[in-house]
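**Student:** Handing you a structure now.
Residue numbers (this note's numbering): 2 to 290.
Spelled out as structure tokens, the structure:
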């Protein structure tokens, strides 16, 4: 078994994992140790890796079934891998707002793995906000007010914008859009406070850019509290910043994190490969009783 080294990072969450080569087959005990670190630290960074898409897929599949991404065409030879690319002459980036991946599905994913193929000379970092720490920092009164709330999500406006931008030539030429009406037209409802299925810890489970409203409230009634939750969750004390290098693979837990990709590298190219690992239906502490 390769010798795994876990180095917790300063900040709200995250650890670097050293001592292993992800391109080689890993023993079950090593995968188990990675999973333990993943549940504890919420986001893991593997540096100096040399992975082709098939190797990334093989590693990701050790943690669960891989899912299709509904709105970006995958690599032709690897249907579970999508390219995340910004060309030097493009202005907008992918994933630039705070969000949780695919929360607008009835069964959102467990996690995402993103591998850096090419990175800009400066900029292009990713921020991660820890929903567990943000929840635990709330007063008992605020926790009592928030627990039991449910949030309705929809991605139709974002998906349609991506399609229209593709038609007009404004979307990334390297990330052709595709359409999934089943996902676009759904409006699943998930608990705002989610109990993590492996750690048992509670945390804010939330994606502001995909949010319509609180269940049984109007969008107008919902907006002030939704905006407050967003500002609380993304305070600096709950955020970790990742600086990418070519060959970095990052594995984050969508069940308890928000993230955003910074768009501060105009005129340079950023090229990533992404896979998504299937999860389970979000549960609150109330639904577990």
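Here a beta-carbon is modelled for each residue, glycine too, at the ideal position from N, C-alpha and C.
These figures come from a predicted structure and were not determined experimentally.
Which of helix, strand or coil does DSSP assign to residue 169?
**Tutor:** In this predicted model, residue 169 has a pLDDT of only 48, less than 50, meaning its place in the structure is not dependable; the value taken from the coordinates is given anyway. The answer is helix: DSSP assigns residue 169 an H, G or I state.
**Student:** Keeping to the same chain, check which residues put their C-beta closer than 6 Å to that of residue 282; ignore five residues upstream and five downstream.
**Tutor:** Closer than 6 Å at the Cβ level, and outside the excluded window around residue 282, lie 108.
**Student:** Hey, which unbroken runs of the alpha helix (DSSP H) at 4 residues or more fall wholly within the segment 175-206?
**Tutor:** Runs found: 182-186.
**Student:** Quick one, are the C-beta atoms of residue 20 and residue 44 less than 7 Å apart?
**Tutor:** Contact: no.
**Student:** So, does the segment 122-138 touch the segment 204-219, judging by three or more C-beta pairs under 8 Å?
**Tutor:** A contact exists between the segment 122-138 and the segment 204-219.
**Student:** Going by Cα to Cα distance, which pick from 248, 261, 244 and 267 is closest to residue 291?
**Tutor:** For residue 291 there is no data in the structure shown, the boundaries of the chain being 2 and 290.
**Student:** Indicate whether at least one CB of chain B lies closer than 7 Å to the CB of residue 89.
**Tutor:** Looking at the structure shown, chain B is missing, and only one protein chain is on hand.
**Student:** Among 39, 111 and 24, which residue has its Cα nearest to the Cα of residue 65?
**Tutor:** The shortest Cα separation from residue 65 among 39, 111 and 24 belongs to 111.
**Student:** Are the Cβ atoms of residue 89 and residue 242 separated by less than 7 Å?
**Tutor:** Going by C-beta atoms, residue 89 is not nearer than 7 Å to residue 242.
**Student:** Ends of the alpha helix (DSSP H) at residue 31?
**Tutor:** 29-42 is the extent of the alpha helix (DSSP H) around residue 31.
**Student:** With 16 as the cutoff for other CB atoms within 10 Å, does residue 197 come out buried or exposed?
**Tutor:** So residue 197 counts as buried.
**Student:** With a threshold of 16 other CB atoms inside 10 Å of the CB of residue 76, please say whether the residue is buried or exposed.
**Tutor:** Label assigned to residue 76: exposed.
**Student:** Helix, strand or coil for residue 245? Go by DSSP, reduced to three states.
**Tutor:** If DSSP states are grouped into helix, strand and coil, residue 245 belongs with coil.
**Student:** Alpha carbon to alpha carbon, how far is residue 4 from residue 228? Give it in angstroms, no decimals.
**Tutor:** Their Cα atoms are separated by approximately 44 Å.
**Student:** Hey, residue 117 and residue 245 are a contact pair by Cβ (cut 8 Å); roughly how many whole angstroms apart?
**Tutor:** Rounded, the Cβ-Cβ distance is 5 Å, consistent with contact.
**Student:** Could you spell out the range, first to last residue, of the beta strand (DSSP E) harbouring residue 214?
**Tutor:** Counting along the chain, the beta strand (DSSP E) containing residue 214 begins and ends at 212-215.
**Student:** Can you check which of these residues, 131, 18, 26 and 91, is closest to residue 265 by C-alpha distance?
**Tutor:** Of 131, 18, 26 and 91, the residue nearest in Cα terms is 91.
**Student:** For my contact list, residue 95 and residue 85 are in at a C-beta cut-off of 8 Å; report their separation, rounded to the angstrom.
**Tutor:** About 5 Å; that satisfies the 8 Å criterion.
**Student:** What is the DSSP secondary structure of residue 268, reduced to helix, strand or coil?
**Tutor:** If DSSP states are grouped into helix, strand and coil, residue 268 belongs with coil.
**Student:** What is the DSSP secondary structure of residue 104, counted as helix, strand or coil?
**Tutor:** Coil at residue 104, not helix or strand.
**Student:** Is residue 278 helix, strand or coil by DSSP?
**Tutor:** Correct three-state label for residue 278: strand.
**Student:** In angstroms, rounded to a whole number, what distance separates the CA positions of residue 34 and residue 27?
**Tutor:** Looking at the two C-alpha atoms, the distance is approximately 11 Å.
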